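Right, one structure below, let's go through it.
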Amino acid sequence: MRTESNNNTSLKFFIAFFIAVVTFSSVSVPYALGIDPPWMFANNFLHLDQRIGTVCFTSFGPLGFLLWTTPTADNILIASIFWLLIRFFLAFTSIELVFKLNKEASIGKLIFRSILIFLILIMIPAVFGYLAIFFSVISLLLLHCLEPTKNRYLLYAAFFALINLLICPTYSTLPFSALFTYLVIFSINEKSLKQFIRVVFFGVISYLALWLIINHSLISIVKFLIVNFNLIIGCQVAASLNPANNWLDIGVVFVAFSAVFLVFRNRNFFAVNGQLTPALFLLPFFIAFKYAYAREDTHLFFMFYFLATTFCYFLVIASSNKKILVLLIIGLAALFFSLKNQFAVGYKNNFLVLNTQGLTNIKTKIFQYPEYKDSLLRLSAKNLKQGKMPKIVLEKVGNSSVDIYPEDVSLIVANFLNWQPRPLAQSLLITTAYLDQLNATHFADSDKAPSFIIWAPLKLNSGLFRVDGDGRYLLSEAPATIYQILKWYKVELLIPPFAVLKRTKTPQVLSPKILKSEEIAWNAWVKVPEGYSGILRAHVFPEETWFEKIKIILYKQDSLWVDYKLIDGSVISHRFVTSTAAQGIWVSPAIATFPEIFTRKLNVLAIRFQHSTDDFFVDKIKITWEQINFRKTNPRSN
Numbered sequence: 269m270r271t272e273s274n275n276n277t278s279l280k281f282f283i284a285f286f287i288a289v290v291t292f293s294s295v296s297v298p299y300a301l302g303i304d305p306p307w308m309f310a311n312n313f314l315h316l317d318q319r320i321g322t323v324c325f326t327s328f329g330p331l332g333f334l335l336w337t338t339p340t341a342d343n344i345l346i347a348s349i350f351w352l353l354i355r356f357f358l359a360f361t362s363i364e365l366v367f368k369l370n371k372e373a374s375i376g377k378l379i380f381r382s383i384l385i386f387l388i389l390i391m392i393p394a395v396f397g398y399l400a401i402f403f404s405v406i407s408l409l410l411l412h413c414l415e416p417t418k419n420r421y422l423l424y425a426a427f428f429a430l431i432n433l434l435i436c437p438t439y440s441t442l443p444f445s446a447l448f449t450y451l452v453i454f455s456i457n458e459k460s461l462k463q464f465i466r467v468v469f470f471g472v473i474s475y476l477a478l479w480l481i482i483n484h485s486l487i488s489i490v491k492f493l494i495v496n497f498n499l500i501i502g503c504q505v506a507a508s509l510n511p512a513n514n515w516l517d518i519g520v521v522f523v524a525f526s527a528v529f530l531v532f533r534n535r536n537f538f539a540v541n542g543q544l545t546p547a548l549f550l551l552p553f554f555i556a557f558k559y560a561y562a563r564e565d566t567h568l569f570f571m572f573y574f575l576a577t578t579f580c581y582f583l584v585i586a587s588s589n590k591k592i593l594v595l596l597i598i599g600l601a602a603l604f605f606s607l608k609n610q611f612a613v614g615y616k617n618n619f620l621v622l623n624t625q626g627l628t629n630i631k632t633k634i635f636q637y638p639e640y641k642d643s644l645l646r647l648s649a650k651n652l653k654q655g656k657m658p659k660i661v662l663e664k665v666g667n668s669s670v671d672i673y674p675e676d677v678s679l680i681v682a683n684f685l686n687w688q689p690r691p692l693a694q695s696l697l698i699t700t701a702y703l704d705q706l707n708a709t710h711f712a713d714s715d716k717a718p719s720f721i722i723w724a725p726l727k728l729n730s731g732l733f734r735v736d737g738d739g740r741y742l743l744s745e746a747p748a749t750i751y752q753i754l755k756w757y758k759v760e761l762l763i764p765p766f767a768v769l770k771r772t773k774t775p776q777v778l779s780p781k782i783l784k785s786e787e788i789a790w791n792a793w794v795k796v797p798e799g800y801s802g803i804l805r806a807h808v809f810p811e812e813t814w815f816e817k818i819k820i821i822l823y824k825q826d827s828l829w830v831d832y833k834l835i836d837g838s839v840i841s842h843r844f845v846t847s848t849a850a851q852g853i854w855v856s857p858a859i860a861t862f863p864e865i866f867t868r869k870l871n872v873l874a875i876r877f878q879h880s881t882d883d884f885f886v887d888k889i890k891i892t893w894e895q896i897n898f899r900k901t902n903p904r905s906n
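To convert, take the position in the sequence shown, counting from 1, and add 268; that gives the numbering used here.
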């Protein structure tokens, strides 16, 4: 008996090791300019001295460098070993489930089903991304512990959910929601909270221990969680793209998902708690749907579809008498999904792009690591060449502390600057008033604020203020932060496309002056106050109806827009977010480049607020106008 068990364990280890090696890959990227590469650089660079998740924040946690790894220190080697181990655990857990649910099956059938799982494990990261691996591991562990004697699997699931939280809090909502569902339903079935309390206690202690090991301090945990909660709730509206959804596509995926669940309607699919099998996926499925169809980026679509089909696929392989029917449903849904989502941002039809280069990846990223890192550094130097600043800028800054605004912090590594980062290193992350205030407080603090800010547009050859891909205007997306920059920094040097701002000891602007408050209507032009001077801003307070609040919880809010009618007769439009609009929307003068704050006088005559016909707001909007005057004459351009 023991020999047979040992033989099975050896076979499972061999199959899992083979799968982990053959499918191995990890994401390593060079340094580069733009929007996405800078936060990858920040995650890797700030991780070295425990500042990610403690002092500085991105949409990733203190272990975020494991997901997108740059040639910083030995991060690539660490990440490669990490993902190899995770893949092995995923493969072993999958194979173990196959053996458990098919005890009477022949070795031939076990090997056949193992091959099918092998194909799925190849597909998960290739199609759905690396964070899908964590949900795969956690869901399989929960399926294991549907038999109540397997408590250790539940603790394993909780532990991996915590690791996911430390890598990417946004995606950790999926495994945590599955874990929460299991604990609630299990507690109801057993009429006991012991299991729930045990897992929560284990989770809290493990999380504190992991945080202490990574960051050597427990002080910043609460702030990290609050910041990421704001990033999650703010992203849905502020970062939404392509808001017109394809309901036929959504409907087909929902029908396919429901059809697969019909296979598991038998409560005795597992010996105990079989009804949990489909329930584990319902809440994650809803969350993925809600956020995937808020932004409509390809990677979010794939995560949504991954939840809708792939794990049902796992279950079918493991133990279903209706495999052909379910596989047909999933296959047709996958084909339909792939064809219909060509409108998604960054779409690539990569359902057939599978990773089979595991041995090559292990050879280059682990056994030939120094050479691989050098090749990425050479490519990085080539990518960053355009970001080299003029000699006069570098001489002006010297070794003083510097921050880059609005987001291309890759300029730090391109020019070997002494980086003094703000809490949210990229302005496009500012989606709530809380996040805006974090950066504003940083720039207002003379001890924490950098000596210089280098204002660099997104495209170095354009000279234009960056307007996000989602249409937001830079001067309105972080009103409190912009005010503190105007207050404590003056233009020291203008070498287009760069503006060097130097911190001063005295405020550069007067306190904001309230001009008047009024109520205005949606979709109607409103003249700006007459006789104002300096900078004109509007604190805007749109009020959502209860129906709209419910819609946001269950689905999403569509785009809100503010139109500007300029003195030259032209009209420009920008998106705005309700939470930061209350801090102040920039109205006039209309500005494209930073020097125009002091030189250009293209004033705005009227503004108009619009919302989608699918949203529901109170008819009137409360608005408070304010002006900001400079304390003294500002220096001319150099």
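Heads up, the beta-carbon is just placed ideally off N, CA and C, and yes, glycines get one too. Here the structure is a predicted model, which means the values were calculated and not measured.
For residue 441, which residues of its own chain have a beta-carbon under 6 Å away from its beta-carbon, when the five flanking residues on both sides are left out?
555
Is it the case that the Cβ atoms of residue 796 and residue 855 are separated by a distance below 9 Å?
Yes, Cβ-Cβ distance for residue 796 and residue 855 is below 9 Å.
Hey, could you find the ends of the alpha helix (DSSP H) residue 662 is sitting in?
Counting along the chain, the alpha helix (DSSP H) containing residue 662 begins and ends at 659-665.
Pairwise C-alpha distance: residue 327 and residue 708:
19 Å
Hey, how far is the Cα of residue 821 from the Cα of residue 560?
14 Å
Minimum length 4: unbroken alpha helix (DSSP H) runs contained in the segment 416-468
419-435 and 437-458
CB-CB under 7 Å to residue 682, same chain, minus the five flanking residues each way: which ones, in chain order?
652, 655 and 656
Less than 8 Å between C-beta atoms, sequence neighbours within five positions excluded: which residues of the same chain meet that for residue 408?
358, 361, 362, 365 and 582
In angstroms, rounded to a whole number, what distance separates the CA positions of residue 431 and residue 314?
19 Å
Inter-stretch contact (C-beta, 8 Å, three-pair minimum) for the segment 283-295 and the segment 342-356:
yes
Distance between beta carbons of residue 853 and residue 806, contact taken as under 8 Å
5 Å
Taking residue 434 as the reference, give the member of 402, 551 and 846 with the closest Cα.
402
With distances taken from CA atoms, which of 825, 638 and 287 is nearest residue 383?
287
Please confirm if the segment 741-757 is in contact with the segment 786-802, defined as three or more CB-CB distances below 8 Å between the two stretches.
No contact exists between the segment 741-757 and the segment 786-802.
Other residues of its chain near residue 279: CB distance less than 6 Å, five sequence neighbours each side excluded
none
Please state if the CB of residue 439 and the CB of residue 955 are separated by a distance shorter than 9 Å.
The requested residue 955 is not part of the displayed model; the chain covers only 269 to 906.
Could one say the Cβ of residue 292 lies closer than 9 Å to chain D's Cβ atoms, at least one of them?
Note that chain D does not occur in the displayed structure, where there is just one protein chain.
Which runs of the alpha helix (DSSP H) fall wholly inside the segment 707-792 and span at least 4 residues, in chain order?
742-745 and 747-756
To the nearest angstrom, how far is it from the Cα of residue 343 to the Cα of residue 678?
17 Å
So is residue 814 buried or exposed if we call it buried at 16+ other beta carbons inside 10 Å?
Exposed.
Work out the CA separation of residue 425 and residue 473 for me, nearest whole Å.
15 Å
Indicate whether the contact test is met: 3 or more Cβ pairs, each with one atom in the segment 761-780 and one in the segment 690-698, closer than 8 Å.
Not touching, per the Cβ criterion.
Excluding the 5 residues flanking residue 636 on each side, which residues of the same chain have their C-beta closer than 8 Å to its C-beta?
none
Residue(s) in a DSSP beta bridge with residue 692:
325
According to the neighbour-count rule (16 or more other Cβ atoms, all chains shown, within 10 Å of its Cβ), is residue 833 buried or exposed?
buried
Could you please give me the residues that DSSP links to residue 878 through a beta bridge?
Listed as beta-bridge partners of residue 878 by DSSP are 829.
Residue 839 lies in the beta strand (DSSP E); which residues open and close that run?
Counting along the chain, the unbroken beta strand (DSSP E) around residue 839 starts and ends at 839-843.
Less than 9 Å separating the beta-carbons of residue 680 and residue 309?
yes
Could you name the residues of the same chain whose beta carbon sits closer than 8 Å to that of residue 884, not counting the 5 residues immediately before and after it, in chain order?
812, 813, 815, 816 and 819
Please classify residue 927 as buried or exposed, where buried requires at least 16 neighbouring CB atoms within 10 angstroms.
Nothing about residue 927 can be reported from this structure: the residues present for the chain run from 269 to 906 only.
Please state the DSSP three-state secondary structure of residue 484.
coil
From the DSSP output, in three-state form, read off residue 538 for me.
Because residue 538 carries a pLDDT of 41, less than 50, the predicted location of this residue cannot be relied on, and no value is offered for it.
Could you name the residues of the same chain whose beta carbon sits closer than 6 Å to that of residue 685, not counting the 5 residues immediately before and after it, in chain order?
670.
Name the DSSP beta bridge partners of residue 895, please?
781 and 804
Mind reading off the beta-carbon distance from residue 672 to residue 763? Whole number of angstroms is fine, and I expect it under 8 Å.
At roughly 15 Å, the Cβ-Cβ gap does not stay under 8 Å, so residue 672 and residue 763 are not in contact.
Rounded separation between residue 519 and residue 503 - CA only:
24 Å
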